[in-house]
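J.:
Protein chains in written order, with the working numbering: chain A, 250 to 363; chain B, 275 to 388.
#1: Out of 354(B), 313(B), 299(B), point me to the one whose CA is closest to residue 293(B)'s CA.
#2: What does DSSP give as the partner residue(s) for residue 323(A) in the beta ladder?
#3: Which residues of chain B have a Cβ atom closer than 8 Å to the Cβ of residue 251(A), listed in chain order?
#4: Do you know offhand how far residue 288(B)'s Cα is from residue 382(B)'s?
#5: Just to confirm before moving on: does the CB-CB distance between residue 330(B) and residue 299(B) stay below 7 Å?
#6: Determine which residues of the region 257 to 272 of chain A have a Cβ less than 8 Å from any Cβ of chain B, and write them out in chain order.
#7: What does residue 357(A) touch in chain B if you count any residue whose Cβ is under 9 Å from its own?
#8: Determine the extent of the beta strand (DSSP E) in which residue 328(B) is found, giving its start and end residues.
#9: Is residue 296(A) near the ligand ZN, with its Cβ less than 6 Å from a heavy atom?
#10: Can you tell which of 361(A), 305(A), 355(A) has the C-alpha that lies nearest to the C-alpha of residue 251(A)?
#11: Answer yes if the region 262 to 274 of chain A comes into contact with the region 331 to 342 of chain A, meaning at least three C-beta pairs across the two stretches below 8 Å, and no otherwise.
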């Protein structure tokens, strides 16, 4: 168990809808990362927060947004959903202060857009 | 050209075989190299971490980095059925801190047959 909790595990929704994915990082980890995993693209970095502030952006669509709250949990909001948004969404956390501190991944939220 | 290339496989080997997994990359700024293992329906977990060029051994696993060729490898000796998983290489230009970002390969699916 990585200590990173993601909810829900599965989400099925229709095109055009909006969903929120939730992540609780490991205790003590200040950094939260969101990744999207699909068969054709692999693990794609979306966005990173550090202690409540956005620190890095990757291939995140404008329809997607995220935030990290004072208690360090994070939410990823996906809106105007399209079929192509169906994927596994992973949250990871790290201490982010130690050299080589690894990312600890949750078990993901599987999103299916129909 | 993608920053990180990894043969997706699948790779199927008999128990006890030596397995070689590889990635190539194009970004010469990458200095930190990792291998993650991902079991079905789980998040990736860190297996090996290497800085710059050279070898690192941990039990049955050996990671090699050749920066001059922009090529990294993971060797698994005496492979076991429990090693059956997807193996993802990951790389970073920096060691940590608040803007730490990992770039992943697409992963190689490995099956070790008893």
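Think of the CB as a built atom: it goes at the ideal place given N, C-alpha and C, for glycine as much as any other residue.
T.: With the given structure in hand:
#1: Within the second chain, the letter at position 19 stands for residue 293(B). Answer by Cα proximity: 354(B).
#2: Translated into the one-based positions of the first chain, residue 323(A) becomes position 74. Partner(s): 272(A), 317(A).
#3: Taking the first residue of the first chain as position 1, residue 251(A) is located at position 2. In chain order: 317, 319.
#4: Within the second chain, residue 288(B) is the residue found at index 14, counting from 1. Within the second chain, residue 382(B) is the residue found at index 108, counting from 1. Their backbone Cα atoms lie some 16 Å apart in a straight line.
#5: As a position in the second chain, residue 330(B) is number 56, starting the count at 1. As a position in the second chain, residue 299(B) is number 25, starting the count at 1. Taking 7 Å as the Cβ cut-off, residue 330(B) and residue 299(B) do not qualify as a contacting pair.
#6: none
#7: For this step, residue 357(A) is matched to residue 108 along the first chain. In chain order: 315, 316, 317.
#8: What you label residue 328(B) is simply residue 54 of the second chain in a count that begins at 1. Residues 328 to 332.
#9: Questions concerning the ligand ZN fall outside what the structure shown contains, since it holds no ligand whatsoever.
#10: Numbered from its first residue, the first chain carries residue 251(A) at position 2. Of the listed residues, the one whose Cα sits closest to residue 251(A) is 355(A).
#11: yes
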